[in-house]
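There are 4 protein chains.
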Amino acid sequence: MAKRIGILTGGGDCPGLNAVIRAVTKHAIISYNWDVIGIEDGFQGLYEKRYQPLTSGSVRGLLVRGGTILGSSNRANPFRYPIKLPDGREEVRDVSEEVLRNLAELELEALVAVGGDGTMQMAQGLLERGARIVGVPKTIDNDLSATDFTFGYQTAVEIATEAVDRLHTTAESHDRIILCEVMGRYAGWIAMAAGLAGGADVILIPEIPYRLERIVSAIEDRKAKGITFSIIVVAEGAKPLGGESAVAVQGDLTRQEKLGGAADRLARELARHFSEHDVRVTVLGHVQRGGTPTAFDRLLGTRYGTGAVDLVAEGKIGQIVALRGNTITSVPIKDACGQLKLVDPRGELARVARHTGVELGA
Amino acid sequence: MAKRIGILTGGGDCPGLNAVIRAVTKHAIISYNWDVIGIEDGFQGLYEKRYQPLTSGSVRGLLVRGGTILGSSNRANPFRYPIKLPDGREEVRDVSEEVLRNLAELELEALVAVGGDGTMQMAQGLLERGARIVGVPKTIDNDLSATDFTFGYQTAVEIATEAVDRLHTTAESHDRIILCEVMGRYAGWIAMAAGLAGGADVILIPEIPYRLERIVSAIEDRKAKGITFSIIVVAEGAKPLGGESAVAVQGDLTRQEKLGGAADRLARELARHFSEHDVRVTVLGHVQRGGTPTAFDRLLGTRYGTGAVDLVAEGKIGQIVALRGNTITSVPIKDACGQLKLVDPRGELARVARHTGVELGA
Amino acid sequence: MAKRIGILTGGGDCPGLNAVIRAVTKHAIISYNWDVIGIEDGFQGLYEKRYQPLTSGSVRGLLVRGGTILGSSNRANPFRYPIKLPDGREEVRDVSEEVLRNLAELELEALVAVGGDGTMQMAQGLLERGARIVGVPKTIDNDLSATDFTFGYQTAVEIATEAVDRLHTTAESHDRIILCEVMGRYAGWIAMAAGLAGGADVILIPEIPYRLERIVSAIEDRKAKGITFSIIVVAEGAKPLGGESAVAVQGDLTRQEKLGGAADRLARELARHFSEHDVRVTVLGHVQRGGTPTAFDRLLGTRYGTGAVDLVAEGKIGQIVALRGNTITSVPIKDACGQLKLVDPRGELARVARHTGVELGA
Amino acid sequence: MAKRIGILTGGGDCPGLNAVIRAVTKHAIISYNWDVIGIEDGFQGLYEKRYQPLTSGSVRGLLVRGGTILGSSNRANPFRYPIKLPDGREEVRDVSEEVLRNLAELELEALVAVGGDGTMQMAQGLLERGARIVGVPKTIDNDLSATDFTFGYQTAVEIATEAVDRLHTTAESHDRIILCEVMGRYAGWIAMAAGLAGGADVILIPEIPYRLERIVSAIEDRKAKGITFSIIVVAEGAKPLGGESAVAVQGDLTRQEKLGGAADRLARELARHFSEHDVRVTVLGHVQRGGTPTAFDRLLGTRYGTGAVDLVAEGKIGQIVALRGNTITSVPIKDACGQLKLVDPRGELARVARHTGVELGA
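In structure tokens, the structure reads:
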């Protein structure tokens with residue numbers, strides 16, 4: 015019987031996931047003649063034994079496709095699994111025994127787990143109980159400290175930048191203050207990159223709580239110079255100094271409705287200062303997560319995918335692939351967990367922003 | 015002294031405005047050796063005598079640029095002009111006398127007024143008092159009955175469709191209900207075209223007030239077939255049957271905050287029915303109005319611009335250029351005013367939608 | 015037994031083909047509960063009896079996909095069919111009897127034939143011998159007289175225009191004469207639209223044989239004004255006055271090699287006049303035919319597809335759908351054959367070009 | 015008098031040049047209150063004393079613009095300068111004395127020279143004779159060993175990949191072998207990245223001379239599996255084993271015409287093996303060099319630009335900015351000269367290609 019490996023994708027969407035699946039499948043088949051088992055909907059499919067064989071045919075044409083052909087699950091944590099009770103309620107249980115048993119039955123050389131911090135913590139829990147897993151890092155926010163770049167991030171930046179470009183011309187011609195809310199709950203990498211690339215006048219990120227008066231003053235300074243428009247890029251996790259971020263109240267719908275998103279909230283406050291201007295809001299949302307990945311992310315996903323298969327072939331179980339400079343390397347999964355890579359408020363990017371005249375709100 | 019024409023752009027932003035300005039300028043100079051005067055910020059610049067000469071050099075490179083190099087003004091109506099008083103308050107006055115006098119001083123063969131319904135009504139008012147004006151139609155919403163297509167509309171549709179494309183893959187991989195709010199306060203052309211082109215499952219437009227239960231039922235039907243995601247394209251002017259649209263309460267900030275936008279409001283209601291799904295919202299906003307126009311809109315703007323100069327040369331004062339089929343023609347400005355071209359709830363597009371399985375909400 | 019219709023796609027690639035297939039399938043199933051049979055590789059599949067059932071599932075996700083899921087065949091003419099002989103040679107035979115018999119066996123309400131002039135002539139031949147066929151027009155070159163617009167054309171124009179945009183900045187910064195060869199063997203619609211939308215300085219189309227000296231002189235006039243770059247958009251069928259087009263020698267490889275493509279040939283001649291400049295060539299080729307269609311073309315393909323099913327339902331056999339203004343209508347297939355819609359050298363587009371300073375070469 | 019710095023851009027076009035100019039200008043003005051002098055057309059402007067002041071206003075809106083607002087010159091080498099003689103002939107002279115004198119007259123803190131290997135060798139020559147210069151690396155081919163990434167490269171890769179995507183669908187639907195020629199005279203980075211990201215079946219680069227029979231055999235293997243199309247990405251410097259590259263004969267027009275470009279030449283040979291298929295060629299050319307840069311390249315150009323000003327402020331004359339991993343650093347200009355960074359035929363990228371089934375021709 016041919017050896018086999020498995021692959022699952024966990025967590026939120028990220029352009030480049032299918033490139034990883036394709037590369038893992040192709041490399042495993044072409045170089046090692048392994049069978050490849052795709053596990054559906056992340057750890058949920060492992061619990062429910064929903065698998066599909068992956069072949070050269072089934073991964074054809076995947077590079078351009080957003081999403082993941084395997085599906086994902088945000089909530090299927092083997093250690094805290096939401097079970098639907100007959101009465102409709104949900105109960106959280108530890109189903110890691112079942113998951114480990116199902117995994118053992120598959121007789122995999124290793125499972126390639128593609129996911130973010132949450133997925134890697136689950137993977138680490140299973141690793142500690144004997145599972146054979148290698149990791150591929152995934153975060154649209156690029157906030158994983160183990161690697162220089164994660165796939166999907168650059169796609170999100172390009173999409174957000176194109177939106178900022180479009181907002182620019184209309185803001186300029188029509189004297190508008192336009193806010194563009196981009197992703198980034200805890201880390202401001204997307205806002206920072208898209209804001210700098212798009213020539214934003216103000217960039218607000220979670221790492222630098224903002225003072226409203228600084229933003230107002232930046233806009234007024236521009237008006238004093240005869241520049242009657244301003245573009246503000248706001249990470250969804252941006253928050254006023256001393257306040258809380260809109261994403262902090264997640265789940266509390268009543269407060270969320272009252273608070274609104276980061277951009278909506280700021281827009282209301284700005285509308286009080288600049289009544290003569292039109293203040294407008296664009297909320298990009300999941301547009302940043304979907305669709306065709308950039309070439310950069312397809313290539314990075316492909317390199318991660320082949321790298322993960324190499325880890326399996328070299329017996330490096332428990333490792334996660336990572337990019338350092340131009341080199342694919344690996345680190346232990348446990349070292350990749352729980353440490354967000356944040357924008358340094360005094361680091362190079364923040365300096366570049368300030369040195370080119372961008373107001374960071376503090 | 016050379017003959018001269020003037021040009022101004024009024025109303026909201028619309029990709030293709032600069033193509034019109036460029037074509038008017040080039041055709042006037044190349045074919046007739048006229049001087050061209052650009053009037054800044056719409057009728058405001060005419061009142062304030064702010065002009066700039068337009069030359070071949072000043073319109074170079076304009077085809078790719080969004081916005082309008084002349085600026086615009088939404089509120090500068092010569093007949094109801096907002097005057098700032100010394101005490102900071104605003105007063106609305108009829109300044110049409112001054113505007114007509116300034117126009118007369120310019121000694122133009124004609125003024126080319128590029129704008130939407132509002133601008134054309136002002137133009138008509140001035141025409142009736144002796145001004146020499148020809149019109150170029152402009153509405154991002156494509157809701158002008160005098161012409162088959164307005165420039166800018168197709169750009170908005172392409173941008174909205176690309177967003178829907180991106181939302182599709184992420185919705186599919188992650189079992190989401192995603193709402194995408196697009197422009198269209200009174201007419202649903204953008205929503206209809208982008209929804210059909212993007213393969214939306216539900217399209218909600220102002221012309222067809224929706225029943226929530228039909229939307230819920232469409233989503234449930236899909237789930238029954240194993241399709242666990244849905245894409246809903248919502249025009250900003252969409253409204254529930256018997257309710258009012260979010261744009262109807264414009265200006266009343268308190269109610270607006272409570273009501274939210276069309277997509278936000280619907281998302282809250284859907285979240286009550288489909289708690290197990292993530293319901294997500296994208297609000298494209300001014301992204302649809304800005305940036306590089308499509309080739310289609312650049313060409314249409316160019317044809318309108320040369321057509322407008324031809325109207326002047328032929329002495330067809332009071333006419334507005336229009337597209338009928340593949341032909342540039344013209345109609346009286348007064349016939350182009352005040353009649354919105356709406357999506358017919360029983361017309362071809364609505365039938366195409368229903369026949370390809372799209373739920374229109376009623 | 016349910017009624018059934020068939021569909022095949024013939025001729026060259028054209029973005030929007032899959033939108034037609036999807037719309038035909040959806041409308042037939044949703045509105046009439048008909049079965050839908052996809053015939054593979056155009057008339058070749060009809061001769062070889064290669065069919066596939068088309069269902070809602072098999073047309074999912076098709077709007078964004080270029081190409082045709084049914085495949086096509088350029089050479090499979092039922093009346094002059096290339097048969098491979100056992101000795102490897104090819105013989106051309108009339109296999110229309112077999113094709114008609116196979117068609118009869120399928121017991122279709124009608125066959126929807128999607129294709130260009132060639133496909134429609136074959137369809138007409140079969141119609142005259144009793145086949146039940148309705149047509150959907152397809153030509154990337156937009157040169158069909160029966161309809162205002164064909165799908166795919168606008169996508170090609172957008173792609174070509176984006177290329178011209180990119181060439182513009184590099185030509186300008188680096189004092190280059192850049193030629194961009196676009197599609198258009200007999201009709202210059204793509205060159206004309208992309209050239210006008212992209213701001214080309216010279217546009218050469220098959221309908222207007224060019225004089226080299228006029229092109230040289232236009233470039234020199236620009237230099238005299240201090241403009242040291244020029245962009246030339248060349249249709250592949252463009253030819254010098256009194257000469258022949260590069261596409262005319264198709265099949266004669268030796269002469270083709272010697273002659274080169276339209277842009278290569280002109281580039282060599284310009285290099286002799288402007289040695290101090292760099293003359294560069296881009297040949298877009300099939301890039302214009304492939305990939306995701308624009309929203310415009312997806313919508314048009316969808317409207318054509320539903321319109322074709324309506325023709326079948328209404329018993330309008332022998333008709334081809336067409337767009338007139340904003341209206342989907344139909345004309346007899348035989349009236350749609352053999353008449354190319356060419357750019358009128360004195361028509362509106364050519365005037366718009368000349369009036370905005372574009373050199374047309376004659 | 016305020017201190018001042020100068021900036022010039024040399025060599026071929028590269029998206030991101032304007033981002034560098036903008037960042038240098040903004041940082042110099044905002045952080046140090048320096049004046050900024052733009053030197054036109056590279057070293058030619060320094061010789062001819064053509065300068066323009068750069069202000070915040072003159073660099074507004076530059077991020078989205080391709081090309082360089084300062085112009086460039088490929089041939090203006092101060093040490094081998096082409097002088098036009100009165101009789102029309104050209105003579106090459108050493109004008110470095112004049113250039114150094116002009117530079118001294120400008121009394122710059124330093125000159126920021128943005129360019130590739132050629133520009134840096136000129137800069138080094140001037141440095142050795144006392145000029146104060148800092149460098150910013152520029153090469154569309156990403157083949158500079160001193161830095162991990164150069165701006166412009168990623169834009170070229172994205173453009174080439176989009177072309178490959180489009181070719182894919184048409185090749186697949188219509189059974190074509192399509193060759194796409196991309197940039198890369200000596201280094202195959204663009205071909206490699208675009209080929210991998212676009213899912214090419216064959217990638218040919220200068221570093222790996224190809225054997226025609228391997229390409230033929232790869233296409234035949236695909237046909238044996240029922241895959242009737244193939245996509246071949248060819249770097250312009252690709253060459254057969256034992257042969258010479260098409261770019262090697264540059265300047266020898268007769269031989270160049272006979273040889274043709276890399277893709278044309280290979281297409282002719284493939285047409286002999288696969289007569290039943292259509293073999294088609296796309297030559298992207300300067301499309302890859304022009305137009306709006308990606309966000310990645312705008313950000314990199316901005317970081318390089320601010321980094322270069324920091325070098326000046328820190329007195330690090332003779333250094334060139336460089337990217338290592340995620341960090342902006344610098345190296346001596348002389349170390350950055352004359353060493354091309356080539357694709358390693360046995361390195362990671364080549365392995366990734368082979369492991370995912372790509373034929374590299376040897």
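Chains as they are written, first to last, in the numbering used here: chain A, 15 to 376; chain B, 15 to 376; chain C, 15 to 376; chain D, 15 to 376. Quick reminder that beta carbons are idealized off the backbone N, C-alpha and C, glycines included. A quick note: this is a predicted structure, and the numbers were derived from the prediction, not measured.
Spatial neighbours of R79(C) in its own chain (CB-CB distance under 8 angstroms, excluding positions within 5 residues in sequence) are listed in chain order as N32 and T306.
Contact between G240(B) and I219(B) does not hold, since their C-beta atoms are separated by about 29 angstroms, which reaches or exceeds 8 angstroms. In terms of beta-carbon proximity, H369(D) stays away from the interface with chain C, with every pair separated by 8 angstroms or more.
In the structure shown, T133(A) adopts helical secondary structure according to DSSP, grouped into three states. Taking 8 angstroms as the upper bound on Cβ-Cβ separation, chain D lies near residues A207, A208, L210, A211, G212 and G213 of the region 203 to 230 of chain A. In this structure V247(B) touches G212(B) by the C-beta definition: roughly 7 angstroms separates them, less than 8 angstroms. Closer than 8 angstroms at the C-beta level to chain C, one finds these residues of the region 45 to 75 of chain B: S45, S70 and G75.
When R294(A), S70(A) and A160(A) are compared, the shortest CA-CA separation from A277(A) is found for R294(A). P151(C) is a Cβ neighbour of L158(C), given a cutoff of 8 angstroms. With a beta-carbon spacing of about 6 angstroms, G375(D) and R225(D) fall inside the 8 angstroms limit used to define contacts. Nearest CB-CB separation between Q168(A) and chain D: below the 8 angstroms threshold. The residues L60, Y61 and P92, in chain order, have a CB closer than 6 angstroms to that of V113(C) in the same chain once the five nearest residues on each side in sequence are set aside. Within 7 angstroms of the CB of H188(C), no CB atom of chain B is found; the nearest one sits about 16 angstroms away. Neighbours of L313(C) in chain B, taken as residues whose beta carbon is under 7 angstroms from its own, are A207, L210 and A211 in chain order.
For the options A42(A), G25(A), G26(A) and P29(A), the alpha carbon positioned closest to that of L325(A) is the one of A42(A). Listed by position along chain A, the residues whose Cβ is nearer than 7 angstroms to that of H182(B) are G304. Looking at the DSSP output, V106(B) shares a beta bridge with P96(B). A Cβ-Cβ separation of about 5 angstroms places G20(C) in contact with L125(C) under the 8 angstroms criterion. Residue contact check for D179(D) against chain A: a CB pair falls below 8 angstroms.
Not one beta carbon of chain B lies nearer than 8 angstroms to the beta carbon of L158(A).
Any Cβ of chain D closer than 8 angstroms to the Cβ of N340(A) would place that residue at the interface, and such an atom is present. Less than 8 angstroms separates the beta-carbon of F310(D) from that of Q168(A). In the DSSP annotation of this structure, the continuous segment of the alpha helix (DSSP H) that includes D278(C) starts and ends at A276 to H287. Taking 9 angstroms as the cut-off between beta carbons, none of the residues of the region 124 to 158 of chain B comes near chain C.
Annotation for T308(A): no beta strand (DSSP E) segment contains it, and DSSP assigns it neither H nor E.
Taking a cut-off of 8 angstroms for Cβ pairs, the region 68 to 87 of chain A and the region 35 to 49 of chain A touch, as three or more such pairs fall below it. Residues of the region 316 to 327 of chain D with a C-beta less than 9 angstroms from any C-beta of chain A: T316, R317, G319, T320, G321, V323 and D324, listed in chain order. Taking the Cα of G315(A) as reference, the smallest distance to any Cα among A205(A), F163(A) and G26(A) is reached at F163(A). Under the DSSP definition of a beta bridge, D292(A) partners with R190(A). Using a Cβ-Cβ cut-off of 8 angstroms, T296(D) counts as an interface residue toward chain C, since at least one Cβ of chain C sits closer than that to its own. By the Cβ neighbour-count rule, D108(D) is exposed, with fewer than 16 other Cβ atoms within 10 Å of its own. Beyond the five residues adjoining it in sequence on each side, Q138(D) comes within less than 7 angstroms, by CB distance, of I347, K348 and C351 in the same chain, given in chain order. Per DSSP, I219(A) lies in no alpha helix (DSSP H) and is assigned neither H nor E.
Assignment of D55(C) by DSSP, reduced to helix, strand and coil, places it in the coil class. If you ignore the 5 residues before and after V345(C), its C-beta comes within less than 7 angstroms of the C-beta of A160, Q333, I334 and A336, all in its own chain and listed in chain order. For G371(A) against I44(D), the beta-carbon gap comes to about 5 angstroms, under 8 angstroms, which counts as contact.
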